[in-house]
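In what follows, a single structure is set out as structure tokens and then discussed.
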DNA sequence: CCTGAAAGTGAAAATGAGTTTCAATAAGTT
DNA sequence: AACTTATTGAAACTCATTTTCACTTTCAGG
């Protein structure tokens, strides 16, 4: 809970208002864990603050992304968000679509590297394959 | 042109019909190069086969992806496709959205590796940053 | 070469994620 | 408490993608 408070207070310090809707979204995001889609965040947040609108979830996630508190990425036609945690990647199951977090980084290109004029500021890696369950079921 | 023929004949051998629409899409895809969006493929293919419908482009790209001839990935709300070429990755510019192909692979996890029950069959890597042009303009 | 069953097609309508608009509401300053 | 202005929710909208369905084409078998 302390992290959420810090996040919200930092937002306030930067001139944004701290509202019930934003509090609910931040809390939902923290509970949702890795790579939650908008609907999941919406459902969780609405539990704590029933008159929350979906639009506000989009707006808040966008705000948090622009302020650097969450990462945004796309998978299967819908965006996913997660609180900006220590550098990690994702294991995406081709059969069931489940996303697992994986804490190692097997990418040898570091921030600031220049590749023929292109300056690298970061990277996104997804390892695709089959999760333990689907591995047995499929094929 | 020979590659396209091979692709189409292989499809036929697997029981799919080779149609004018599919020929046009495959040719467009070959011309489009790296990471073409659906609209680009559609525009190119329609030149060769004017009564082509957009729906058929979606369907054909989907077929080719399922048959393993093209890679599909998502970026900025619209899917991109490209003929499955030798393993490579993409440099995505945060400012202008341009996508460049990059032929090296800095990922040390190989196919077949098992990570706590998850079997890796492949990976997708995007290096994000600023292209030569935007690097000078932005900031 | 014909022919017919089944696959494939295009147009239009439907879906669904995400965005915009706008009048009403609430945060935080005075 | 009053006031200014950011924020909100609902509804309408946009745009990529999918579905439906009546019509067309492919190609295996004659």
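Chains as they are written, first to last, in this note's numbering: chain A, 1 to 139; chain B, 1001 to 1139.
Think of the CB as a built atom: it goes at the ideal place given N, C-alpha and C, for glycine as much as any other residue.
Note that the structure is predicted; figures quoted are calculated from it, not measured.
Residues of the segment 1105-1125 of chain B with a Cβ closer than 7 Å to any Cβ of chain A, in chain order: 1106, 1107, 1108, 1109, 1115, 1117, 1118, 1119, 1120, 1121, 1122, 1123, 1124, 1125. Every alpha helix (DSSP H) stretch that sits fully inside the segment 1022-1061 of chain B and reaches 4 residues is listed by chain position as 1038-1048.
The continuous stretches of beta strand (DSSP E) do not include residue 1019/B, and DSSP gives it neither H nor E.
Exclusion of the five residues before and after residue 1083/B leaves 1029, 1030, 1069, 1070 as the residues of its chain whose Cβ lies within less than 7 Å of its Cβ.
Note that the segment 1007-1026 of chain B does not touch the segment 117-126 of chain A; fewer than 3 beta-carbon pairs, one per stretch, sit closer than 8 Å. As summarised for the segment 102-131 of chain A, the continuous beta strand (DSSP E) elements at least 3 residues long and confined to that stretch are 118-130, given in chain order. Under a criterion of Cβ atoms nearer than 8 Å, the residues of chain B adjacent to residue 131/A are, in order, 1117, 1118. Interface annotation for the segment 22-35 of chain A against chain B: empty, criterion Cβ-Cβ distance under 9 Å. Here DSSP, grouped into helix, strand and coil, assigns residue 1134/B to helix. Put simply, the CB of residue 1067/B is far from chain A, with every gap to its CB atoms at 8 Å or more.
Within chain A, the residues 119 have their CB atoms less than 7 Å from the CB of residue 1135/B, given in chain order. With a cutoff of 8 Å on beta-carbon distance, residue 1101/B and residue 1087/B are scored as not near each other. Between residue 1074/B and chain A, the shortest Cβ-Cβ separation is below 8 Å.
Taking the CA atoms as reference points, residue 4/A sits about 15 Å from residue 41/A.
Listed along chain A, the residues sitting closer than 7 Å to residue 1127/B by beta-carbon distance are 109, 120, 123.
For residue 1079/B, the three-state secondary structure derived from DSSP is strand. Identification of chain B residues near residue 91/A by a Cβ-Cβ cut-off of 7 Å yields 1115, 1118, ordered along the chain. Counted as a single uninterrupted DSSP element, the beta strand (DSSP E) harbouring residue 91/A occupies residues 89-93. Note on geometry: alpha-carbon atoms of residue 16/A and residue 63/A lie some 10 Å from one another. Looking at the backbone, the Cα of residue 119/A and that of residue 1013/B are separated by about 45 Å.
Collapsing the DSSP output to three states places residue 9/A in a helix. Under the three-state reduction of DSSP output, residue 1066/B falls in the helix class.
Approximately 5 Å separates the beta-carbon atoms of residue 106/A and residue 1107/B; this is inside 8 Å, confirming the contact. For the 8 Å CB-CB criterion, residue 1130/B and residue 1095/B form a contact. When the alpha-carbon of residue 46/A is set against those of 76/A, 112/A, 57/A, the nearest one is in 57/A.
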